[in-house]
Each structure stands twice: as structure tokens, then as C-alpha cells.
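Trainee: Going by the working numbering, the sequence shown opens with residue -10, and the numbers climb by one from there. Even for Gly, the Cβ is constructed at its ideal location relative to N, Cα and C. Here's a structure for you.
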Amino acid sequence: MKMKRNLFRLLVGGVFCVLVMSLYHVLEMMQGAETPGQDFYRLQQQIDKLERLLSDNNRLVVTLRDSLLHRQPARGAGAAVNVSAGSAHRPAGALPGCRLAQEMKGGADGVQLLDVYDLLPFNNPDGGAWKQGFQISYRGNEWDEQPLEVLLVPHSHNDPGWLKTFENYYQDQTKHILNNMLIKLTEDSRRKMIWAEISYFSKWWNDIDEQKREMVKRLVGAGQLELVTGGWVMADEANSHYFALLDQLIEGHQWIQRHLGVRPSSGWAVDPFGHSPSMAYLLKGAGLNNMVIQRVHYAVKKQFAQQKTLEFLWRQSWDSSPRSDITCHMMPFYSYDVPHTCGPNPAVCCQFDFHRLPGRRTMCPWKKSPQPITEQNVQERALLLLDQYRQKSRLFRSHVLLVPLGDDFRFVEASEWDAQFSNYQKLFDYFDQHPELHVKARFGTLSDYFEALHRRLNAAGTTLPTLRGDFFTYADRDDHYWSGYFTSRPFYKRLDRTLEATLRATEILFSLTLAEMRRFRGDGRLVSDFPAREHFQRLTAGRRSLALFQHHDAVTGTARDPVVVDYGTRLFHSILNLRQVLQSSAHWLLLLDKSQYHHDQSKPFMQLDDVISAHDALPRKTLLALNDEPRSLIIFNPTEQLRSSVISVVVDSPDADVIDAATGRPMAAQISAVWAEPNQASTEQFQLDFVAELPPLSLVVYHVTKASFGSAHRARYSFYCRGNPPVVQSEHFQVSRPEGPEADAPLSLSNQHIRIWSSPETGLLQKLRLQSGPVRDVRVQFLWYGTRRNQDKSGAYLFLPGEEGAQPYSSSEPPLVRVSRGPVFSDITSCFRHFTHTVRLYHLDGHAGRSLEISNMVDIRSEFNRELVMRLVSDVANGNRFYSDLNGFQMQQRRTLQKLPLQANFYPMTSAAFLQDAASRVSLLSAQSQAVASLRPGELEVVLDRRLQQDDNRGLGQGVTDNKLTASLYHLLLEDRRGGAEDVGGASVEHLSLLAHLTSLSLNHLPITMVAPSNSQTPALRPFLPLRSSLPCDVHLLNLRTLEDSQEADSPSQEAALLLHRKGFDCSSAPQPPLACTWSAQEEVDLDLLFSPLRFRSLRRSGLTLLREDDQPESARQPAAPRGARLRPMEVSAFRVEVA
């Protein structure tokens, strides 16, 4: 022990000497530097550098102490301790972050949906009038003590795009609905309505005058009009990433607060095709306490109705506390239209949809039309309706009944308002006049309903059951499972994530730019030439484009072709506009002399290194002309982690050098061919790849110059093609065409972490080995699914495969296989007719080199009723269990059930899926959402694209035939599991490993490369390094979003929304060597330390949508005291901050 202490002292002393010498060197540079116009801002920058050096030394000392003494860090009350990953294998067991996540894992109480699925027979017997249910009976005296309280809730479901574009729907229908709403609700204070889609409501608000706006405010204040959910759209819950779900919720809530001064309290999601607990979590975090859902598997609805659990407390699977609970009402019947909401018999309920009165355009398919309510028929009509109300109420635990009244785009005409409200009011009046019926009915809102529900439950001492799990995959009838839309229109699902990543990067850089400007000026104001207001408007437009695309007929790929083009055009233009903000912000931050900043939109100082030419085109790299003058490349790292990344640009020379502009250090680089055809290399364009070391949230400058002939490392190529040796055209690269035994040997690539073997015939992966571990079977296959022949067929929504199941992909011609080897990366590319498949290994230290990158370029435009699938086949013994993510927020266990049809076992995958057994885990991390399944043990398959010629009878009226050349990107990760391995059975809660989290972060938030002009007049640039060190690797900076000024509309305020997500992570995977990152040992962290040298002038915890009434007061603290904040594992935390 004494020897260890001496060694420790020696090391610390050495570090201290290095530190002193470094400080002396920096001070010497400061004194000798030319400093024309040096001001306080420059001095502050130098001080920050000194602080960074001190902090790095501190961190090194702590790491050395931990590794030498094997001691746990101090864990005083409220301490915010960073723990090095080097301590991952302490005998004490679980890592601190693991322990915290483990403590939060849910208990066994309540209903677990996985268990419900195991129990249900899914046999679908005929239930009579309620086809998918059962006969409901009652005695008649159940309401003698407590009368039945009926809340009839008028609504109009307005899709922001589906059969028509958003704009056309608004002009043709929505604006008339809202105009009539204003008139008809004002006529009678008993009338009420709910509205969900703020995208439409805000557009209408902009069209009406101030007098009408005041009328709206009065209706809202009086409780006649309620805005429910408050999102920009009624979002899809399968394909949407949680960043985008929260983005559209913030956009809607902020609009409501600014213009109406209210907040939503109840959620309304009647049309998304399945429901996710991630959305429930976000709603609760945004201050909502109740929600309504509709599209749930009919067999689950029947089970819940029988058990009277249609109303429940929805709890997160990972949460053992009731913090995340939200009261959820599940509608029991087939649809949200009038025939399926008043009671179990649609033929009766349709008679009370007075929009279908004789002589109107809409009729009842059951051939019994509604009748106008008169004195002569009111008794018979009222009793008939009451019977339905009573039957429906028997499915719930209280005597309060929710009855929606509406459908898609209802209440367009004034006559429908009159027909519905006047006839129902006559029925309600009749109920009031006959107390012996023991029923009170009135128009209401969701708030009215849930207030009455909670009042009744509390009075009776009744508690609702808790429920954990999700409601995928949805089936509305028979074996019609809605798993097709998990993949439909994959090109636009990928474009959605491109916009999301661009928006997040731009939000963060713009917010940092404004803070830096205020700091630079010293008076809290912005630089006059910087177009902050115009940029903020571009940001707002980008937020709203992303938000609009989260609509449940947009990102799902279930809209008509012209509507898809409209969505795509909006996404495309938003990406272009956000790039302007990004370029302009980076320009100001990088300038050494800020007085040289000049904004000229027609001649931006820097451009991104790729071009997107149209909404349906893939990005294309721009050619970088090189000469002896250095070209400046600016790389923005949008992640909160220090990362080693491979940067790729296209240049006009096969010889190039790259140096770090700040230090002059040469960077490891590689020149590869740009393949115009699979076997023809361009003679004018070359791919330059180099390894960049990128600090968190940094802008780093690199110089690229033309090098002397032969000085650059060039990739070497080998080509394989069975039966027909390829003719390869490549004058600048070494090319071989192996023959004989060499051509039959498995293809092999390796780096310091992984070795892979692939088939020489197809180039497809066959085996994989971690370092010196055992060789594992991990094979890649491609397959086709067809559709049924003589009955209902697959379409945009439904996946209805043929009885033959998946068929192996085969081609009349063998694929061309191209192997490249180089110092930065090596890869194997297989060129098939319908896709080009590449597996790539990066020769990198750190987590970037530990996974296998897989990319596909898919083109199935020649096919007829086919779906292309990529399948991984491994030796993992996972049984019938696997895991897929929900919205990129959490992992959900899945069980492949033989009693269900094949299509029912496909689930949404937004960003990750994995298989595991006691010894290993195989994770597939994805940059786009799509369908995933594990149909047999060891297998994991994803649907890449679908081309379907027919409608699937869900209202779209067309097939899916607008396919594009579509890219998909993944990382494959094999991890050993040690120590913490659990039985693969049971409804266990699992998380991604830290390595998987970091890999997914890098995959979804790629570095952004910008190019400065190629002339000698380029002003001096310096790197922008806003953070002293990486955030803990279990803390994700979800966003730093500038908020709108409360006084000046469409302008940025000094406040920003700081959104942090603390990830839960798996304890059993611990790679060697350990990850070079830290995590917090406590829930309480010091945000000042976390974001140093950034400073927060103010910081207040708030709700997830940053409504002011959710802001907590900033606690009084001493100037030097840490600014502590509790970040629980899995939780998203929001803070209203002013960055100094």
C-alpha cells in the first residue's frame, strides 16, 4: 500500500510539473503576442484556456487516484462526482449510473402488456352487435344511487395533410370549421368543443381580426373551447423520434401560451396507429395529467373492457415510482366516429349522428337513418340512446361516461352545427325532465370529463390500475396488422431525421452564438450586422416543418403522392434555410477579428460540403479544388462528447495533405476512389478522408492543400465477381483481381477491435470476432416479401405477406464485390441489381472503431408488390425475446408469438434493436425508422423499402409506388455480457450499453463540414471551443433552443430552453479497453461545472414545454456555490436559462 501511495505522489507531482510548464508557456505566449485592439473579451478567452488546463489536470489526477487506489469516489450529500470509465471493473460490481438506473426499474404491480399478449388467444369470435367485443347487460338499477353522468364531447379531427395537402385542407375545410365554431359556440353557452391541431389553429388565428381573437379568448376562458394535447399535430407515435415529438409539443404549447395564455391539461390521440409510452411520458412532463387513446388492437380492447381496465394509470416500464403516471382513457370500440362512440351497437349510434339526417350527403351504412328530434319521438329516441350509454358505461369503473361526437373534418357547414347541437340539446333536456332515468347529460370538454371522473373516483375511494408497456402492433380487424407503415416511404423517413439533426445542430450553435455575442459586447446586446431576427424566423420555420411532418399521415408514409411531395418540399427548404443560419453563426464564432464579420446572404462566407438539389434527391458532395494555398475546412461537432470522426470530402487531386489549422499537426488521411460505376473510378474526383479530433460542440478548422505526387495514402482495391472477371478502370489506384484459391478464400477485414469475414461470392458478412475472443456467426442476408394473391393485400398501412413468407434474394447475375483497404477505413461493397451494400470498419481508437458500419443504397422501382428485407442471422440464443426502441427514448421488450401471424411480430424501430443471451448482445443501431422483427432465435430483420401497387382499404385510395433511390445507415455492435447478465425471460427492463448510446449519438448526429473560400483574403479563423470537457456520457444535450422574445414577436429572447436527457444504461456490457468518458455517480449534478466555461446568468427548472407557470423559482445561492440539478436516469429535464 505504501508503495502505491509513493507511486501516486510521484505521478501527481509529474502532472503538476507539466501543468506549471504549460501555464508558463501560455502566459509567455500571451505576453509576446501582438494584440491590436485587445479587449476584455480576448482576455476572457485566454483565462478560459487556463481554466481548461487546470480542469484537465484535475480530471487526470482524479483518474489516476481511482485507478491506483481502486477507491469509490466521495459520495457526500448532493455531490456531483464524475466517475471515470476506467473504474468499470471494480470488484464492487455495478457502475454508479447503472445502480441508479437499476433502482428506478419498474416493479411487478399493475398490468404488464407483454403478459396480456401472452394470455390472449387472439381468436376473434363474433361478439354480436359489437363484433369484436361481447354482449353487455345491465339490470337497470345500477344508477339509482349515483346517476350516470354523460359528457358529450364535440370534436373535428383535422389531418394536417393526407388526401389533400395541409394548405388545401385548410382552405377547403378547416378554416370554415373554425369560423363556424366561433359563431355557433357563441350562440349558446352550453355548447362546447375541443381542438387538437395547433398547426391549423395558428394559421387560422393569423387570418382573423382582433375582434374575433377576443371572442376566441372568451370561449377558451369560459371553458367552451378547449385546446387538447396542444401539439403542432396529432403526432405519430411509432416512427417519430422523441426529439421531434417534443419539438412539436413545445411549438404548440409556446404558441398557446403566447396567444391565449392557457395551458393544455389533457391529451387527445384518436388517430395515431398505435400508442407509445414515450408520448405519455412527454405529455406528463409537459404538465398534462390525462389523455385519451383510440387505436389499440381490438383483442386488447376487448380484454380491457372485460376487466374494466379501459381507464388506467400509464406508467413507464423503467419507473418504480408513480412520478410518470398519467391517467389514460382507452376508447373501447372500433373507431372515433359517431357510430362507434355512443355505445357498442354502431347501427344504433349512427342514428344519433345528425350530420347523416335524410337529404344530407352522408348516410348510415346500416340503413337506419337518424331522425330529427321532435316532441313526438323524443321519448323513444332518448331511451334508445340511453340504452347505448348504459351499456358503454358498464365497461368502466365509474358512472361518468365520455362520449365523443365527431369524425374527420366535421362541422364544416353551419347546418351541421345546428343539426348536432339542437337535436342533442332536446335529448339532454328530456333526460333532465325525467329524473327517474338517473342520467345527466351535457356537452363537455376533456377537462370536464376528467374532472368529473376524478371527483367520482375519489368519492368512491376507487383507484385505477397501473399499466406498463406499449400498444404496438395495432390491428383494427381480422389479421390486418398495421406494420407496413413502419417502413412506407423510407426516403422521407430518412429525410425527416436529416432535418431533425440539422435543426438540433443549428439550434445549439445559434444559441451559443447569441450568448457569445452578448458576452463579446458586454452590454447584453447583439452585433448589429448579424441577422438574428431573420435567422430566428428560419429556425421557427424549421421547427414547424419538422413538427408538421410528425403528423400521423406524414412521417408514417401514408399520404397521397402530391401530399408527400408537399411534405418533402417543406423538409427540403427547411434544411436549406437552417444551413444559412448554421453557416452565418459559425462565421461569426470563428472570426479572430469580429469586426471583419459581414453578412451577405448572396455570398455566404462558407458553404456546406454537400448539395441537396431537390426534395427527392440524395445529398451530393461538392468538388473541392486544391492548390498550394490551403483550403479551410470547418467541422462542427454537434454532440456533447469529444469524438474521433472520419471526415470525408471530395477533391480534384489524388494527393492531398490535411493539417489542424490551430496546431499545424498533420492528420491521418486516406485517398479513395469516387466510383462513377461499380467498376469505373472517376479520373477527376477523389474522396479524401481524414481523422478529426473534435471537442464537444466545437468548431474546428483544418487546412487542406494539394500534396506532392504519391505522398498521400491511397486505398487499395480488390474485385471479385464469379464467372465473369470484371474489367476495372482505375488509373490512380492499385487494383487486384484475385484468382484461383485466393478468389475462394473468405474476405477479411480487421481493426484493433474487430475482425470480420465475408463471403467472396456475395461480399455479405458471415462471421465476426471481438479482439481475441471467439469467432461468432453473424450473417447478413437479403430477402423479398410478396403479398397475398386472392384477398386483401399489403398497402401503405398494412403488411399482409404471402403465405410463402420471406424468399431469399437472388439475382440472375452474380454481384460485383469490391474490397478497399486503407489506413483510415476499410470496407467491402457488394453491388447487386436492387441494392448496393457496404460494410465498413474504421481504424480508430475509441468507440468509433468498435462497431461495424452498414450502409445500403436501395432501388426497387422496377418491382411489383415486393418488400426488401435485410436480415441478420447470429448465434445469440435469445429465445423468442428481443428488444426494439420506442422513439429513440427507451427500449421495449418484444416477444415473437407463434399464435400471431407473421406481420403481427413486426414492430417499429426508431433507432435501435438488439438480441441478447447471458453471454452476448448484438445491437443494430439505425439512422432512420423502419419495421423490425426477430422471427426466429438469433435473427433480426429490418424492412428496407416497400413497393405496393394497390390500396389496402384504409382510406388512402392508392398504393405506394413513388419509391426513390433510398439510403439507409446502421452500426452493428457485438458486445460481451459479464457479471450483470439476467435471464432472458420475463418482462425485464433493459437499456442500451454506454457504448451503444455513444455509437447511436454519433450515428444520428454526424459532424457538419463547411468549406471556406479559396483565396488568400480569407480572414484569420480560430477554433470555437465552448465546453471545457465532454458532458458525462450518460447525459445527452437534447437541445439548447432559443426562446421567442415575450415582447417582440418572431425575435429571439435572451432565454433558451436547456433540455437534458440522462440515459439509463446497461451494466453487463463493459468493453475493453474501457470507454474514455465519465458519468455522474449521483442524481444531483452541478450544471455550472458540467457546462464550464459557459455560465448561466439564470437557470430555472421548468416543464418540458417551457411554459412559464411551470418555472420553478431560482433558489438563492452563494456566488461561488455549485448550481445543482437533479437528473434522474431516463428522465428528460428542462431548464429556462440565460447563457452568459
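Output the boundary residues of the alpha helix (DSSP H) element that contains GLN1043.
Mentor: Here residue 1043 corresponds to residue number 1054 of the sequence shown, with the count starting at 1. Segment 1041 to 1051 is the beta strand (DSSP E) holding GLN1043; no alpha helix (DSSP H) there.
Trainee: Go ahead and pull the three-state DSSP assignment for ALA288.
Mentor: Here residue 288 is taken as the residue at index 299 of the sequence shown, counted from 1. Looking at ALA288 - three-state DSSP - the assignment turns out to be helix.
Trainee: Looking only at its own chain, which residues have a Cβ that is under 7 Å from the Cβ of PRO812, when we skip the five neighbours before and after it?
Mentor: Here residue 812 refers to the residue found at position 823 when the sequence shown is read from its first residue. Around PRO812: ALA657, GLN659, HIS702 and HIS832.
Trainee: Name, in chain order, the residues that DSSP records as bridge partners for CYS317.
Mentor: By one-based count along the sequence shown, residue 317 stands at place 328. CYS317 is bridged to MET280 and PHE301.
Trainee: According to the Cβ coordinates, are VAL217 and SER255 closer than 8 Å?
Mentor: The residue you call residue 217 lines up with position 228 of the sequence shown. The residue you call residue 255 lines up with position 266 of the sequence shown. Yes. Within cutoff.
Trainee: Let me check understanding here. Comparing Cα to Cα, which of LEU857, VAL862, VAL921 and ILE843 lies closest to TYR872?
Mentor: Position 883 of the sequence shown, counted from the first residue, corresponds to residue 872. The option with the nearest alpha carbon to TYR872 is VAL921.
Trainee: For GLN569, which residues of its own chain have a beta-carbon under 8 Å away from its beta-carbon, when the five flanking residues on both sides are left out?
Mentor: To locate residue 569, count along the sequence shown from 1; it is residue 580. Taken in chain order, the residues that qualify are HIS524, ARG527, GLN590 and PRO593.
Trainee: Between SER191, ILE172 and ASN168, which has its C-alpha nearest PRO149's C-alpha?
Mentor: By one-based count along the sequence shown, residue 149 stands at place 160. The candidate whose alpha carbon is nearest that of PRO149 is SER191.
Trainee: Name the DSSP bridge partner or partners of GLU964?
Mentor: One-based indexing of the sequence shown puts residue 964 at position 975. Paired residues: ARG910.
Trainee: In chain order, which continuous runs of the beta strand (DSSP E) of length 3 or greater are located wholly inside the stretch 156 to 224?
Mentor: 182 to 184 and 214 to 216, all fully within the stretch 156 to 224.
Trainee: Residues bridged to PHE417 by DSSP?
Mentor: As a first step, residue 417 must be located in the sequence shown, where it is residue number 428. DSSP output for PHE417 lists no bridge partner at all.
Trainee: Specify, as a first and last residue, the run of the beta strand (DSSP E) that GLN674 falls within.
Mentor: As a working mapping, residue 674 is identified with position 685 in the sequence shown. Where GLN674 is concerned, the enclosing beta strand (DSSP E) stretches over 669 to 683.
Trainee: Buried or exposed: where does SER1122 fall if 16 or more other Cβ atoms within 10 Å of its Cβ makes it buried?
Mentor: Here residue 1122 refers to the residue found at position 1133 of the sequence shown. SER1122 comes out buried.
Trainee: Determine the direct distance from the alpha carbon of MET319 to that of ARG444, and round the result to whole angstroms.
Mentor: Here residue 444 is taken as the residue at index 455 of the sequence shown, counted from 1. Here residue 319 is taken as the residue at index 330 of the sequence shown, counted from 1. If you take the alpha carbons of ARG444 and MET319, they lie about 19 Å apart.
Trainee: Just to confirm the assignment, what range does the alpha helix (DSSP H) spanning GLY531 have?
Mentor: Locating residue 531 in the sequence shown gives position 542, counting from the first residue. Note, GLY531: alpha helix (DSSP H), 521 to 538.
Trainee: Starting from ALA441, trace the alpha helix (DSSP H) in both directions and tell me its first and last residue.
Mentor: Position 452 of the sequence shown, counting from 1, holds the residue named residue 441. 435 to 449 is the extent of the alpha helix (DSSP H) around ALA441.
Trainee: Would the stretch 263 to 283 and the stretch 226 to 244 be scored as touching if the rule is three or more Cβ pairs under 8 Å?
Mentor: Contact between the stretch 263 to 283 and the stretch 226 to 244 is present, because at least three Cβ pairs lie under 8 Å.
Trainee: For GLY395, which residues does DSSP report across the bridge?
Mentor: Within the sequence shown, residue 395 is the residue found at index 406, counting from 1. The partner list for GLY395 (beta bridge, DSSP) reads HIS144.
Trainee: Can you tell me the Cβ-Cβ gap for GLN237 and VAL222, rounded? I've got them flagged as a contact below 8 Å.
Mentor: On the sequence shown, position 248 is the one that residue 237 refers to. On the sequence shown, position 233 is the one that residue 222 refers to. The pair is a contact, with the Cβ atoms about 6 Å apart (cut-off 8 Å).
Trainee: On the three-state DSSP scale, how would you describe TYR231?
Mentor: Here residue 231 refers to the residue found at position 242 when the sequence shown is read from its first residue. Three-state DSSP puts TYR231 in a helix.
Trainee: Apart from the five residues on each side of it in sequence, which residues of its chain come closer than 7 Å, Cβ to Cβ, to ASP542?
Mentor: In the sequence shown, counting from the first residue as 1, residue 542 sits at position 553. Excluding residues within five positions, the ones whose Cβ falls inside 7 Å are ASP148, GLY150, TRP151 and ALA548.
Trainee: Using only alpha-carbon positions, find the residue among GLY927, GLN879, GLN1036 and PHE1124 that is nearest to SER306.
Mentor: As a working mapping, residue 306 is identified with position 317 in the sequence shown. Among GLY927, GLN879, GLN1036 and PHE1124, the Cα nearest to that of SER306 belongs to GLN879.
Trainee: Can you tell me where the alpha helix (DSSP H) holding CYS338 begins and where it ends?
Mentor: Locating residue 338 in the sequence shown gives position 349, where the first residue counts as 1. Its alpha helix (DSSP H) spans residues 335 to 338.
Trainee: Between ARG822 and the rest of its own chain, which residues show a CB-CB distance below 6 Å, the 5 nearest in sequence each way excluded?
Mentor: If you number the sequence shown from 1, residue 822 lands on position 833. Within the same chain, ARG822 has close Cβ partners SER800.
Trainee: For GLY395 and SER436, what's the separation of their Cα atoms in angstroms?
Mentor: On the sequence shown, position 406 is the one that residue 395 refers to. On the sequence shown, position 447 is the one that residue 436 refers to. Whole-angstrom Cα-Cα distance: 17 Å.
Trainee: For VAL865, which residues from the same chain have a beta carbon less than 7 Å from its beta carbon, with the 5 sequence-adjacent residues on both sides left out?
Mentor: Walking along the sequence shown from the start, residue 865 turns up at place 876. Cβ neighbours of VAL865 beyond the five flanking positions: LEU904, GLN905, ASP906, SER909, VAL911 and GLY927.
Trainee: Short check: CB of GLY1130 to CB of LEU736, under 8 Å?
Mentor: Lying outside -10 to 1129, the shown extent of the chain, residue 1130 is not represented and no answer is given.
Trainee: Mapping the DSSP letters down to three states, classify ALA430 as helix, strand or coil.
Mentor: As a working mapping, residue 430 is identified with position 441 in the sequence shown. Residue state, collapsed to three classes: strand.
Trainee: In the DSSP assignment, find the alpha helix (DSSP H) that holds ASN993 and state where it starts and stops.
Mentor: On the sequence shown, position 1004 is the one that residue 993 refers to. 983 to 993 is the span of the alpha helix (DSSP H), which, as asked, contains ASN993.
Trainee: If you reduce the DSSP assignment to three classes, tell me which class HIS836 lands in.
Mentor: One-based indexing of the sequence shown puts residue 836 at position 847. Here HIS836 sits in helix by DSSP.
Trainee: Considering only C-alpha positions, which residue in the set ASN130, ASN993, PRO1118 and SER977 is nearest to ASP899?
Mentor: Sequence index remark: in the sequence shown, residue 899 carries index 910 (1-based). Just to set this straight, residue 899 is Thr in the shown sequence, not Asp. Residue ASN993 is the option with its Cα nearest to THR899.
Trainee: Could you tell me whether the Cβ atoms of PHE461 and PRO110 are closer together than 8 Å?
Mentor: To locate residue 461, count along the sequence shown from 1; it is residue 472. To locate residue 110, count along the sequence shown from 1; it is residue 121. Not closer than 8 Å, so no.
Trainee: So what's GLY1113 in DSSP terms, helix, strand or just coil?
Mentor: Start at 1 with the first residue of the sequence shown, and residue 1113 comes out as number 1124. The answer is strand: DSSP assigns GLY1113 an E or B state.
Trainee: Measuring only from the beta carbon, is PHE538 closer than 7 Å to any heavy atom that is part of the ligand NAP?
Mentor: Of the ligands one can find in the structure shown there are none, so the ligand NAP has no counterpart to examine.
Trainee: My guess is that VAL516 and TYR586 are in contact by the Cβ rule of under 8 Å, so how many angstroms apart are they, rounded?
Mentor: Mapped onto the sequence shown, residue 516 falls at position 527. Mapped onto the sequence shown, residue 586 falls at position 597. That pair is a contact at about 7 Å.
Trainee: Does the stretch 400 to 418 touch the stretch 358 to 371, meaning 3 or more C-beta pairs lie closer than 8 Å?
Mentor: Touching, yes.
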